[in-house]
Structure formats: C-alpha cells, structure tokens
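Undergrad: Pasting in a structure now, in structure tokens, and then I'll have a few things to ask.
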Amino acid sequence: MDELAAQRIAKAEALRARGTDPYPPRVARSHTADAVNQIVEAWPPDRTEGADLEVDVTGRVVGRRDQGKATFLDLRDGSGRIQVLFRQNSLADYDSLKLIDFGDFIGVHGSPIRTRTGQPTVAGTAWTMLTKALHAPPEKYHGLADAEIRQRRRYLDLMANEETRRVFTVRSKVVAAIRRFLDDRGFLEVETPVLQEAAGGAAARPFVTHFNALGEDRFLRISLELHLKRLVVGGFDKVYEMGRIFRNEGLGAKYNPEFTMIETYEAYADYNDVAAMVEEMVSGVAENVLGTTTFAFRGHEISLARPWRRVTFHDALREYGALDLDAFPDVATLGAELRRRKVDFAPTAGYGKLCDEAMSAYVEPNLIQPTFLMDYPIEISPLAKSKPGNPRLVERWEIFMGGFEAGNAYTELNDPVEQRVRFEEQLALKAAGDDEAELMDEDFLFALEHGMPPTGGFGMGIDRLLMILTGQPTIREVILFPQHKTVKE
RNA sequence: GGGCCUGUAGCUCAGUUGGAAGAGCAGUGGACUUUUAAUCCAUUGGUCCAGGGUUCGAGUCCCUGCGGGCCUACCA
C-alpha cells in the first residue's frame, strides 16, 4: 500500500491521542507571512528581537531544516513565505515537531526576530496542526516538470512552481482590468445562454448535448455575438460579455475546445472606433497589470504600445505572399494558383475560404507585432457590413500578435434584408460541404428587423492574449485545467 | 489522421555490448541550538506501463497493446 501515507495517518492519530484535532475547524491567525516579513524588514538593521510583539502565522510547511535542538520550518501562505524557528528551550514538547511533515498546514505562535543571516523569522513558542497532508508536495528542488501532471493536477503545479502561480495571478488581474476598463467606459456586462437551440456567430463546429425535460438537443455556444446584438436592438448601447465558449475542434498550442471569449458591442461606433478602443484597452491593461507593454514571446519581443499597425487583407497578401487577389478573382483562378503554390485547402472551399487559407499560409505567421488586418472577403464574414464601394469586402479586422489571431471585429451588418441573403449564401456553402458555415437564425433576423443601430462589435480570445502577456508558448499554460483525454483505468 | 519522442522508487532522473535494478530529494533511525537545496552517518522503499516473443539470461532487442508529450494537419 502507500506506506508514506500510512505514516502520515499514524502521525495524525498520534495528534488525536494527545487530544489535538489534526483538522481543526478554526485557526488563530494574526499576520500573513508577508506582513511579518514587512514588519521585520522595517526594523533598524541592528535590531534582532521583537519580543514585545506576538504573532500567529499559518501556512503550508514547504521547508524544513533540522538543527538538533533547533528546527527551522518554512511556511507558505497566499502572501508568501515566512521562516519559523523552534528551539528546545523555548518550545514545550520539542519532540512533537516530529509529527510535522512537508505539505502539512500548521499554525505557529511566537515573536518576530531577525536571524544572524538577516532572515525575518518567527521564533515559535507553540504550534498547532491545521491540516495534516497525506502526501508530500512535489520534490523540492527539481519540482514538477511533467506537463501532463502539471495540467491534470494543477494544485501540484501551483505548489511546486512559482511561475505557474504568477501566470494565473496575472490572468486573474488581466480579466479584472478588462472589466474595469469596459465598466469605466459605460459598458454593461451581461450574460447570455450557453445552451442554445442553434450555435451561431462563428465558423466552428459545436458540441451537442441533450435537454431531457424538453426532449430536445442543445448546442453549446460557439460565440457570444448573436445574443449580444439582440441586446443592442433592445436598447443597451454598450454591452459586453466575458465567458466560456466551446468549439468542437482539436487540441493544440493555440487551441483548447473551451476557451474564454470577450465580446463587446457599441452602438453608434464602427470598426475604426473599435480598433482605437481595443488598442487602448490592451496596452492599458498590460501597463496596469504588468507595468510594461513589452513582452517576450517565443523568441520575439512584442510591443503592445499604441498605435498598432493597420494593413489591409489584400495588401498583406501582396506584401507577405506576393499574391495579388485582384489577379485571381474567383474560385477557379485562385484555387489553381494556391495549388500551384502548394497551399492546402478543402475541396469544398469557397472563394473567401481560399483567401483565408492564403492569409493563414503567408500572412499570419509574419504578424508578430500587434497588427490590425483590415477589410476581409465578404464570403467568410456573413455578419459584417459590406465596405462602401467594394461589394466583395466587409468592414472587418482581425488582430494578430505573436503569429496568431487574437481578436476579430466588424462594423455590424444591420440591414435585415441583406443579412437574410448572407445567411442564405451560408446555407448554400453548407450544402456544398462546408460544415462550419453559419446557420440561418430566424429569431436573430426578426430582432434585426426591428432595427439595430449602427454598431461596432469586437471579440477576443482572452487565453491567447494571456499567452502574450505571460510569455507562455501554449494555451494550455494559461488555462488552469485544459482538456485532456480521459484517463483509462 | 501523419511524423518524432516517451513510460524505471512518492518526486526528479541515470542505467554502457543483453549478464546481481541505481543516485539525489522525500521517508525512517541517529549527530548537530541561527539554518535556508542545511550538513554528516545509517537505512526502508521497485508489477522497470501491460502482454507476447528472441535468448542460457531482457529495464535493455523484436512484436502487439495501453498511456502520455511535441510537431504537423483541420480549427480562433
């Protein structure tokens, strides 16, 4: 069996035999680890004792140095680390320290001191077990490196790796800063359904589930868009939602089937207004949370400082792919050219999809610094307003950074008649074999028919932004519990 | 789906031509009253992923399966 766990259970029983609960319901705590450290650091350099002050500190035992008749322990709580020192002549029942293992939570009563090496320390006069752990934390020096265990058992990763604690702390602060930015600009945060009768608003396959009470299938949302625009119709001029969406696709460095998306919709704005807002939001959040707009990512140095480059879809293809779409204006000619260039694409791909494949091949990997790629082909943008003077393009941009797409925005299509035509074109693509084409959404059309004001909309993958902001090369390192295959018994 | 890699103690990892399964950390016992990857002495701990095969002999070679990672493809 697990001999090490059995030893720890025996120690818990030994504590009970002494009349103390190894899992007490309440604890004495007067100071965090960080608070004690700060108190001692504030002392004059020659002061070593603070006997007038008594503190109760708590935390997990993460270090232990037995010194005979003195024992040093390192405790870690949410604020940081604090060293405690027990000496045989100032702790009754000194032998009881043998009941403390790595990973246990204990409380220590004592006075702050400074050791001869200058280390802030609590000189303990009493200790209590707060939680007996049955397993040791990961090995203290080499830590926990196995990516699978780090992700499946993130609690071990968090115990072992400071960088992991940092990444997810940053994530939390970034999410809060984004909310603060939008709230301060008068946006209203809303919540829309995750379970939907039809999953729309993006080109992606959905997950399907079943609603027992109604005997109907439901789809997990693949975007937030269509419901948020209904709210603009209803009169909420500025709305946003930050939430989980689900796309039934593979796993990869940039892909997790559930990820966090933020979408904003602002009435009386267009895609240029939205671009200005997004620049300000992302660079401002970076500055506020991390104190910089420069980040190391996959060997590059990425600057999120404003302004970001703007280049049109067509110009970018000319620049990075030496491909002039004007010379290949239809499926036949562009398809032939891409075949000649050995760019893969599905046989069912329409013209817009071919353009997108060319962009993915030539442009996307080169867009390391944040770049707005402007004015997309209309076929792959069924919810965006067409560009005045060019019926083949729409007012849409995607934001790229680090060589991948991180966000998407358009001047929203609000002509209900044209929107119906666009849906019908999508249905034709679907019939031709494109299983990611947009579905007709009659209720959404009915909403548009009541009038949606001119609106600028925006969506961004929070996880991908976090990859840049934390310097993590894969999306799995910025998601606490990324998807994995089920472990088979 | 394709390619490459990988599975050895609780953790991190070695293991040579195929010849008695190892180290550090953790654990246990001991020394040490200012250490901080403490140090020192001793010591417990193994279904070498699983199943087959080759062989006098397999952690090592072969086959199959299972698990996992990375790259790639589809996809944001």
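Throughout the first sequence, residue numbering follows the numbering used here, covering 14 to 502 in sequence. Built from N, CA and C at the ideal position, the CB exists for glycine as well. None of these values were measured; they are calculated from a predicted model.
So who's on the other strand from W140, going by DSSP bridges?
TA: As a position in the first sequence, residue 140 is number 127, starting the count at 1. DSSP, once it has assigned bridges, lists V121 as partnering W140.
Undergrad: Once you ignore the five residues that flank D87 on each side, which residues in its own chain have a CB closer than 6 Å to its CB?
TA: In the first sequence, residue 87 corresponds to position 74, counting from 1. Answer for D87: V75, G76, R94 and Q96, listed in chain order.
Undergrad: Could you tell me which residues DSSP puts in a beta bridge with T487?
TA: Here residue 487 is taken as the residue at index 474 of the first sequence, counted from 1. In DSSP, T487 forms no bridge with anything.
Undergrad: Please name the residue in L17, L143 and L493 whose C-alpha comes closest to that of N269.
TA: Against the first sequence, residue 269 aligns to sequence position 256. Selected option, being the one with the closest Cα: L493.
Undergrad: Where I475 and T273 are concerned, what is the direct C-alpha to C-alpha distance, given to the nearest angstrom?
TA: Reading the first sequence from its first residue, position 462 is the one you call residue 475. Reading the first sequence from its first residue, position 260 is the one you call residue 273. Approximately 6 Å between the Cα atoms of the pair.
Undergrad: Could you give the uninterrupted runs of the beta strand (DSSP E) lying entirely in the segment 412 to 465, keeping only those of 3 residues or more?
TA: 417 to 424, all fully within the segment 412 to 465.
Undergrad: In angstroms with no decimal places, state the Cα-to-Cα distance between Y389 and L195.
TA: The count along the first sequence starts at 1 and reaches residue 389 at position 376. The count along the first sequence starts at 1 and reaches residue 195 at position 182. Between Y389 and L195, the C-alpha separation is close to 26 Å.
Undergrad: From the DSSP secondary-structure annotation, give me the bridge partner or partners of A307.
TA: The residue you call residue 307 lines up with position 294 of the first sequence. In the sequence as displayed, the identity of residue 307 is Thr instead of Ala. For T307, which the question treats as bridged, DSSP gives the partners S316.
Undergrad: Is it true that the segment 375 to 390 meets the segment 327 to 340, where meeting means three or more beta-carbon pairs spaced less than 8 Å apart?
TA: Between the segment 375 to 390 and the segment 327 to 340 there are three or more C-beta pairs closer than 8 Å, enough to call the two in contact.
Undergrad: Starting from the C-beta of I22, find all residues in its chain whose C-beta is less than 7 Å away, skip the five residues before and the five after it, and write them out in chain order.
TA: Counted from its first residue, the first sequence places residue 22 at position 9. So the qualifying residues of the chain are L147.
Undergrad: Which residue wins for smallest C-alpha separation from A445, given the options R60, A362 and F326?
TA: To locate residue 445, count along the first sequence from 1; it is residue 432. Nearest C-alpha to A445: A362.
Undergrad: CB of A146 to nearest heavy atom of the ligand FMN: below 8 Å?
TA: You won't find the ligand FMN in this model; it holds no ligand whatsoever.
Undergrad: Would you decide whether L482 is buried or exposed? Buried here means 16 or more other CB atoms lie within 10 Å of its CB.
TA: Looking up residue 482 in the first sequence gives position 469. It is buried - the Cβ of L482 has at least 16 other Cβ atoms within 10 Å.
Undergrad: Just how far apart, CA to CA, sit D456 and G297?
TA: Taking the first residue of the first sequence as 1, we reach residue 456 at position 443. Taking the first residue of the first sequence as 1, we reach residue 297 at position 284. Computed Cα separation, rounded: 37 Å.
Undergrad: Would you mind reading off the limits of the beta strand (DSSP E) that contains Q20?
TA: The residue labelled residue 20 in the question sits at position 7 within the first sequence. Note, Q20: premise wrong, no beta strand (DSSP E); alpha helix (DSSP H) at E16 to A30.
Undergrad: Given this structure, state the Cα-to-Cα distance separating G312 from N301, to the nearest angstrom.
TA: Position 299 of the first sequence, counted from the start, is the residue given in the question as residue 312. Position 288 of the first sequence, counted from the start, is the residue given in the question as residue 301. Cα to Cα, the separation comes out at about 24 Å.
Undergrad: Roughly how many angstroms separate the alpha carbons of L169 and Y154, rounded to a whole number?
TA: By one-based count along the first sequence, residue 169 stands at place 156. By one-based count along the first sequence, residue 154 stands at place 141. Each residue's alpha carbon lies about 14 Å from the other.
Undergrad: Ignoring anything shorter than 3 residues, give me the beta strand (DSSP E) runs that lie fully in the segment 45 to 125, in order along the chain.
TA: 68 to 79, 83 to 90 and 93 to 100
Undergrad: Excluding five sequence neighbours on each side, which residues of the same chain lie with their C-beta closer than 8 Å to the C-beta of L66?
TA: Along the first sequence, one-based indexing puts residue 66 at 53. Same-chain partners within the cutoff: I52, S124 and P125.
Undergrad: Can you have a look at R489 and say buried or exposed, based on whether 16 or more other CB atoms are within 10 angstroms of its CB?
TA: Taking the first sequence and counting its residues from 1, the one referred to as residue 489 is at position 476. Buried, because 16 or more other Cβ atoms sit within 10 Å of the Cβ of R489.
Undergrad: If I measure Cβ to Cβ from L367 and keep anything under 8 Å in the same chain, skipping five residues before and after, which residues do I get?
TA: Against the first sequence, residue 367 aligns to sequence position 354. Contacts found: V344, L347, G348, L351 and F358.
Undergrad: Starting from V188, trace the alpha helix (DSSP H) both ways and give me its first and last residue.
TA: As a position in the first sequence, residue 188 is number 175, starting the count at 1. Segment E175 to D197, the alpha helix (DSSP H) holding V188.
Undergrad: Can you tell me whether DSSP reads A289 as helix, strand or coil?
TA: Against the first sequence, residue 289 aligns to sequence position 276. Reduced to three states, the DSSP call for A289 is helix.
Undergrad: Please report how far the alpha carbon of Q132 lies from the alpha carbon of P150, in whole angstroms.
TA: The count along the first sequence starts at 1 and reaches residue 132 at position 119. The count along the first sequence starts at 1 and reaches residue 150 at position 137. Approximately 24 Å between the Cα atoms of the pair.
Undergrad: Within the same chain, show all residues whose beta-carbon is closer than 8 Å to that of F10, passing over the 5 residues directly before and after it, in chain order.
TA: Here the chain comprises residues numbered 14 to 502, so residue 10 is not present and cannot be evaluated.
Undergrad: Express the C-alpha separation of R353 and A318 in angstroms, rounding to a whole number.
TA: Counting from 1 along the first sequence, the entry for residue 318 is found at position 305. Counting from 1 along the first sequence, the entry for residue 353 is found at position 340. Each residue's alpha carbon lies about 39 Å from the other.
Undergrad: In angstroms with no decimal places, state the Cα-to-Cα distance between P466 and E254.
TA: As a first step, residue 466 is located in the first sequence; it is residue number 453 there, counting from the start. As a first step, residue 254 is located in the first sequence; it is residue number 241 there, counting from the start. Looking at the two C-alpha atoms, the distance is approximately 19 Å.
Undergrad: Determine the extent of the alpha helix (DSSP H) in which R218 is found, giving its start and end residues.
TA: Within the first sequence, residue 218 is the residue found at index 205, counting from 1. Element bounds for R218: n/a, residue is neither H nor E.
Undergrad: Look at the alpha carbon of E238 and the alpha carbon of L386, and state the distance between them as a whole number of angstroms.
TA: As a first step, residue 238 must be located in the first sequence, where it is residue number 225. As a first step, residue 386 must be located in the first sequence, where it is residue number 373. Cα to Cα, E238 sits roughly 20 Å from L386.
Undergrad: Please state whether DSSP places I275 in a helix, a strand or coil.
TA: To locate residue 275, count along the first sequence from 1; it is residue 262. Residue state, collapsed to three classes: strand.
Undergrad: Report the option in V135, K498, Q485 and Q496 whose CA atom is closest to the CA atom of T177.
TA: Taking the first sequence and counting its residues from 1, the one referred to as residue 177 is at position 164. Considering only alpha carbons, the answer is Q485.
Undergrad: Work out the CA separation of N421 and L380 for me, nearest whole Å.
TA: Within the first sequence, the letter at position 367 stands for residue 380. Within the first sequence, the letter at position 408 stands for residue 421. So the alpha carbons of these two residues sit roughly 15 Å apart.
Undergrad: Would you check if the distance between the CB atom of A397 and the CB atom of R405 is smaller than 9 Å?
TA: If you number the first sequence from 1, residue 397 lands on position 384. If you number the first sequence from 1, residue 405 lands on position 392. No, they are not a contact pair.
Undergrad: Counting beta carbon pairs with one atom in the segment 108 to 127 and one in the segment 49 to 63, are three or more of them shorter than 8 Å?
TA: yes
Undergrad: My assumption, with CB atoms under 8 Å, is that F413 sits in contact with K267. Please give the rounded CB distance.
TA: By one-based count along the first sequence, residue 413 stands at place 400. By one-based count along the first sequence, residue 267 stands at place 254. With a Cβ gap of about 12 Å, F413 and K267 do not count as contacting.
Undergrad: What span of residues does the beta strand (DSSP E) with I258 cover, start to end?
TA: Position 245 of the first sequence, counted from the first residue, corresponds to residue 258. Start and end: K251 to F259.
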